[in-house]
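*Asks:*
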Amino acid sequence: MRPLIESIKHYTTFFVVIAALTYVLTLLLGADRVELEKYTTVTIAKGDTIWELSQEYSKHHNLSPNEFVEWVQNMNELTVPSTQSLSPGDQLYIPVLKSDLASDHQIAFDK
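The working numbering puts the first residue of the sequence shown at 37, with every later residue one more than the last.
1. What is the DSSP secondary structure of Y129, counted as helix, strand or coil?
2. Give me the Cα-Cα distance between Q127 and K134, rounded to the nearest whole angstrom.
3. On a CA-only basis, which of A138, E92, T77, W107 is nearest G125? Give me that one, please.
4. First and last residue of the beta strand (DSSP E) that includes T77?
5. Starting from S90 and walking both ways along the alpha helix (DSSP H), at which residues does that stretch end?
6. State buried or exposed for F145, treating a residue as buried only when at least 16 other CB atoms are found within 10 Å of its CB.
7. How would you write the range of the alpha helix (DSSP H) that E113 sits in, first residue to last?
8. From E92 to A55, what does the alpha carbon distance come to, in whole angstroms?
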């Protein structure tokens, strides 16, 4: 009977440790995630490139063109070849906060 109790203790300890590690990893990975809902989405038109979007929205972000392109690729899970073949109608998140863009449009409208 004693080996059975020891075995149950080991399994219980094992599962508690696994659960704790899973919880900690979930918190750590979730902390690095960017809340994409806060960022502007753009709809790609024929001939658009991420480089052009970087220039078009340059007054709304503080990134270099390379950083802008890298951010868009990472957050939209694009691979380099797919970046070169964006299709009209594709929607991409760009590193411009919706609140920044909305306040800029409001100021322009009020003038």
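Glycine included, C-beta positions come from ideal geometry on N, C-alpha and C.
*Replies:* This is what the structure holds:
1. Annotated three-state conformation of Y129 is strand, per DSSP.
2. Spanning the two alpha carbons is a distance of roughly 15 Å.
3. When each option's Cα is compared against that of G125, the closest is T77.
4. The continuous beta strand (DSSP E) containing T77 extends over residues 75-79.
5. Per DSSP, S90 belongs to the alpha helix (DSSP H) from 86-92.
6. Low confidence applies here, because F145 scores a pLDDT of 49, under 50, leaving its location unreliable; read the following figure in that light. The residue is exposed, with fewer than 16 neighbouring Cβ atoms inside 10 Å.
7. Element bounds for E113: n/a, residue is neither H nor E.
8. Approximately 47 Å, taken between the alpha carbons.
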